[in-house]
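First comes the structure, then the notes that go with it.
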Amino acid sequence: MTESLIWWSIAIYLLVAIGIAILSRQRPAKGGSESMSGYFLGNRQMNGFVSALSYSATTYSAFMMVGLAGLTYAGGVGAFGFEIIYFAGVSLVAVFGPKFWAVGKKFGYVTPSEMLSHRYHSKQVAMAVSIASCIFLIPYSAVQLAGVGYLLQGITDGAITFTTGVVLATVIAIFFSYIAGIRSVMWTDSLQAIMMIVASTLVAFLVIQNLGGFGALFDTLATEHPQSLTVPGPGLFSFVTFLGLTIPWFFFSLSNPQVSQRLFMPSSLRSMRHMLIGFLVFGFIYTLVSVLWGFSALAAFPSLERADLATPTLLASEFVPPVLGVIVMIGIMAAAVSTIDSIMLTLASMVSRDVYANLKTNVSEKRQLLMGKCVVPVIALMALAFAELQLDLIAVLSVAASSGLVAMVPALIGAFYWKRGTAAGALTSVVGTSAFVLLMYATGNSLLGLPAGVWGIVVASVLFVGVSLVTKPHQDSTDAFFAAIAEELGTQQRRTANDPTTKQAAH
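Read left to right, the sequence shown gives residues 1 to 507 (the numbering used here).
Rendered as structure tokens:
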């Protein structure tokens with residue numbers, strides 16, 4: 001795989017992706033993209049197919065084919081269990097998704113933090129959630145950039161430097177974000193998701209075939225690396241480590257605002273169901289493929305200096321034809337770009353809507369949108385600077401970000417299921433848990449032998465429930481919030497019941 005082939009492939013991918021992004025701009029939903037809802041939510045008119053592919057591309061980033069493959073290489077079969085816990089956590093979307101969608105449609109929320117602000121009747125809650133999200137998601141964005149840097153560096157044996165890969169991914173992400181906001185991101189995501197799943201699955205089977213087939217691969221692992229097929233594995237995982245990684249990962253679909261914001265976007269509950277089903281199919285296949293990548297690299301190259309180089313080393317090997325290898329490389333790079341531009345747009349919308357607009361009075365929609373567009377490159381440059389630190393194990397860094405974001409989970413659950421939850425409880429939970437997690441990571445990430453991934457949800461829950469019980473909720477906003485959910489979901493159920501296609505299918 002030559003350097004010129006890689007650059008030409010990147011150029012072709014960019015031409016196609018830019019064409020799709022421009023087309024998305026030329027056919028905007030009603031109202032265009034010159035509003036907060038239009039630019040950041042696609043005017044809440046995204047169909048199920050595009051939503052499923054975009055949700056998949058945003059969620060399954062460089063973490064999977066670089067991070068999860070590396071985690072499998074280093075930690076064995078425990079990595080598969082770790083990812084399946086996340087997969088199980090997506091069931092939360094089935095529970096909370098319709099409620100997110102209902103209140104978003106009723107009140108016009110643009111961000112999850114705006115929703116919490118209205119539910120708890122507190123601007124401070126929105127500002128705290130937005131700032132905490134920036135603190136934890138900028139390093140997670142850096143993980144995506146680092147994934148591209150490691151990929152291009154490893155696949156070219158250093159001919160393309162880590163920094164070149166990081167800068168390239170940053171520029172592409174900013175560009176896609178600016179063309180038409182979330183519409184261009186979602187349509188380019190669809191291209192990227194198809195590339196990811198088709199190319200990676202095809203090449204995984206090809207690599208395994210070149211290693212002698214599934215039987216030979218697992219025979220090699222059982223003979224030469226038996227611990228990789230047992231629990232807890234060759235040393236990376238222990239029960240406590242596994243808990244610390246999986247608990248934050250289980251709540252990912254709720255705690256990460258770039259994911260939960262997607263629940264405001266589908267045009268209907270039917271589109272949301274299609275999005276969830278499509279994502280589950282995509283995710284299960286991609287998880288298996290990523291784990292098989294890690295095992296294949298361990299069997300073929302057991303002495304790599306860095307576990308995150310497992311996928312780049314495989315792609316650059318004689319097991320993979322150059323053209324197929326470069327297609328997979330583009331797919332992984334596209335996945336990383338998809339995640340970072342989604343994060344940039346979400347954080348930009350939160351900073352402009354929930355921080356800037358709350359610090360000033362009478363800030364117009366146009367002014368908020370302008371501020372949001374200005375914030376996008378600032379977030380990207382901060383992520384780029386963090387990526388240049390080249391910290392170890394992408395998978396672990398990704399979970400570290402989620403450990404902090406679980407601070408929002410009790411307030412989110414309470415918003416929909418506990419009328420007794422208060423603004424003081426939500427604010428204390430978010431601020432206190434965020435500070436606690438940061439302190440833990442600064443002092444070795446261990447308290448009574450347990451990591452922040454275990455303590456985070458415990459501390460957040462205790463603070464939220466405890467403070468809420470000694471303070472008073474805002475009754476009017478609470479009642480309006482719950483009434484809106486019942487009203488919107490009831491309306492949707494009546495429409496579904498009266499839909500001729502639904503009646504025909506039932507008959």
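Just so it is clear, CB atoms sit at the ideal spot from N, CA and C, and this is done for glycine as well.
If I measure Cβ to Cβ from Ser461 and keep anything under 6 Å in the same chain, skipping five residues before and after, which residues do I get? If you number the sequence shown from 1, residue 461 lands on position 461. Counting only Cβ-Cβ distances below 6 Å, and skipping sequence neighbours, we find Pro410.
Give the DSSP-derived three-state secondary structure of Met265 in the structure shown. In the sequence shown, the residue the question calls residue 265 occupies position 265. Met265 falls in the coil class under three-state DSSP.
I'd like to check one pair, Val125 with Ala484: are the Cβ atoms closer than 7 Å? As a working mapping, residue 484 is identified with position 484 in the sequence shown. As a working mapping, residue 125 is identified with position 125 in the sequence shown. Going by C-beta atoms, Ala484 is not nearer than 7 Å to Val125.
Curious, which full-length alpha helix (DSSP H) runs of at least 4 residues does the segment 187-242 contain? 214-224
What are the start and end residues of each continuous alpha helix (DSSP H) run of 4 or more residues lying completely inside the segment 31-66, in chain order? 36-41, 48-59
Check whether the segment 134-147 and the segment 449-459 are in contact - that is, three or more C-beta pairs closer than 8 Å. no
For Ile394, which of helix, strand or coil comes out of DSSP? Locating residue 394 in the sequence shown gives position 394, counting from the first residue. Residue placement at Ile394 is flagged as unreliable, the pLDDT there being 47, under the threshold of 50; the coordinate-derived value follows with that caveat. Correct three-state label for Ile394: helix.
Round the Cβ separation of Ala307 and Ala74 to the nearest angstrom and send it over; I've been treating them as touching at under 8 Å. In the sequence shown, residue 307 corresponds to position 307, counting from 1. In the sequence shown, residue 74 corresponds to position 74, counting from 1. Indeed they touch by this definition, with Cβ atoms about 4 Å apart.
Taking just the CA atoms, how far does Ile413 sit from Ile6? Along the sequence shown, one-based indexing puts residue 6 at 6. Along the sequence shown, one-based indexing puts residue 413 at 413. Answer to the nearest angstrom: the Cα atoms are 46 Å apart.
Leu447 (DSSP reduced to helix, strand or coil): As a position in the sequence shown, residue 447 is number 447, starting the count at 1. Here Leu447 sits in strand by DSSP.
Apart from the five residues on each side of it in sequence, which residues of its chain come closer than 6 Å, Cβ to Cβ, to Tyr356? Your numbering for residue 356 matches position 356 in the sequence shown. So the list reads Met371, once near-sequence residues are dropped.
The alpha helix (DSSP H) spanning Pro101 covers which residue range? Along the sequence shown, read from residue 1 onward, the residue named residue 101 stands at position 101. At residue 101 the sequence reads Trp, which differs from the Pro that was named. Start and end: 91-107.
Under the three-state reduction of DSSP, which class applies to Leu168: helix, strand or coil? In the sequence shown, residue 168 corresponds to position 168, counting from 1. DSSP places Leu168 in helix when its eight states are reduced to three.
Within this structure, are the beta carbons of Val376 and Ala336 separated by less than 7 Å? Along the sequence shown, one-based indexing puts residue 376 at 376. Along the sequence shown, one-based indexing puts residue 336 at 336. No, these two residues do not count as a Cβ contact at 7 Å.
The alpha helix (DSSP H) spanning Ala423 covers which residue range? What you label residue 423 is simply residue 423 of the sequence shown in a count that begins at 1. Note, Ala423: alpha helix (DSSP H), 423-442.
Straight-line CA distance for Gly158 to Gln227? Taking the sequence shown and counting its residues from 1, the one referred to as residue 158 is at position 158. Taking the sequence shown and counting its residues from 1, the one referred to as residue 227 is at position 227. Straight-line Cα distance between these residues: approximately 32 Å.
Reduced DSSP category for Glu83 - H, G, I as helix; E, B as strand; rest coil: Position 83 of the sequence shown holds residue 83. DSSP places Glu83 in helix when its eight states are reduced to three.
By Cβ distance, which residues of its chain are closer than 7 Å to Leu489, with the 5 residues on each side in sequence left out? Numbered from 1 along the sequence shown, position 489 holds the residue referred to as residue 489. Only Pro98, Ala102 meet the Cβ criterion.
Just to check my reading of the structure: Phe100 and Leu345 have Cβ atoms closer than 8 Å, yes? What is that Cβ distance to the nearest angstrom? Against the sequence shown, residue 100 aligns to sequence position 100. Against the sequence shown, residue 345 aligns to sequence position 345. About 17 Å; that fails the 8 Å criterion.
For the putative contact between Phe82 and Thr339, defined by C-beta atoms under 8 Å, what is the C-beta separation to the nearest angstrom? Counting from one through the sequence shown, the residue named residue 82 turns up at place 82. Counting from one through the sequence shown, the residue named residue 339 turns up at place 339. Rounded, the Cβ-Cβ distance is 18 Å, inconsistent with contact.
Gly453: which of Phe436, Val198, Met65 sits nearest, CA to CA? Numbered from 1 along the sequence shown, position 453 holds the residue referred to as residue 453. Answer by Cα proximity: Phe436.
Output the distance between the C-alpha atoms of Ser35 and Phe416, rounded to the nearest integer angstrom. Taking the sequence shown and counting its residues from 1, the one referred to as residue 35 is at position 35. Taking the sequence shown and counting its residues from 1, the one referred to as residue 416 is at position 416. About 27 Å.
Considering only the alpha carbon of each residue, which of Ser296, Trp8, Leu280 lies closest to Ser54? Mapped onto the sequence shown, residue 54 falls at position 54. Nearest of Ser296, Trp8, Leu280 to Ser54, Cα basis: Leu280.
In angstroms, rounded to a whole number, what distance separates the CA positions of Thr188 and Gly42? Counting from one through the sequence shown, the residue named residue 188 turns up at place 188. Counting from one through the sequence shown, the residue named residue 42 turns up at place 42. Going by the C-alpha atoms only, they are around 14 Å apart.
Helix, strand or coil for Gly181, going by three-state DSSP, please let me know. Taking the sequence shown and counting its residues from 1, one reaches residue 181 at position 181. Reduced to three states, the DSSP call for Gly181 is coil.
Is Phe252 helix, strand or coil by DSSP? Residue numbering aside, residue 252 sits at position 252 when the sequence shown is read from its first letter. Helix.
Just checking: is the beta-carbon of Ile18 within a distance shorter than 7 Å of some beta-carbon in chain B? In the displayed structure, chain B is absent; only one protein chain is listed.
Measuring alpha carbon to alpha carbon, tell me which of Ser434, Thr287, Leu359, Lys360 ends up nearest Leu68. For the purposes of this step, residue 68 is taken as residue 68 along the sequence shown, with counting starting at 1. When each option's Cα is compared against that of Leu68, the closest is Thr287.
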